[in-house]
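In the UniProt record's numbering, the protein residues as written are 1 to 187.
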């Protein structure tokens, strides 16, 4: 699962000339879902987005990269974007064979939104319209833009455990990504 996150002053999504969602200071998150993405990718990416320090310290703006979206009580506008799963290495035309088909992608994207809402304040998470042709308007602050890929993170113990090492089982072998992140089957 891939995401492009942009720090914004404001953003909105328009469908058929109607504004369907808008945010003030926060993040625009463009999300691409690939055929092999799972609930574990949802958990990893949502956790990263909610804890990623891309804002200045609210008490001292000169201290950059000190605060997460939760720390500043910011908004998130999430937009599903299957083009992030495109293979652009061959020819001059994007290949979308690696993008998850519509219905399973819709379900996984809904789970992604649900996970963000459970990990933060539900009213702070806004959404575009899955599968629609959308106009996304934003004022990028900085500009600050990052790309995230759930498959490229080191799977670390969650921050509440205050460690930066992969949990290992009693045989000393790293646990699966699902076990290391304490992801239950309900997600």
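Each residue gets a CB set at the ideal place from its N, CA and C atoms; glycine is no exception.
- Taken atom to atom, the span from the alpha-carbon of residue 11 to that of residue 79 is near 11 Å.
- The beta-carbon separation of residue 130 and residue 109, rounded to 6 Å, stays under the 8 Å limit for a contact.
- In this structure, the straight-line span from the alpha carbon of residue 153 to that of residue 16 is close to 37 Å.
- In this chain, the beta strand (DSSP E) harbouring residue 149 covers 135-149.
- The Cβ atoms of residue 54 and residue 144 lie closer than 8 Å to each other.
- Judged by their CB atoms, residue 99 and residue 86 are nearer to each other than the 8 Å cut-off.
- Take residue 57, set aside five residues on each side of it, and the residues of its chain with a beta-carbon closer than 7 Å to its own are 63, 66 and 67, in chain order.
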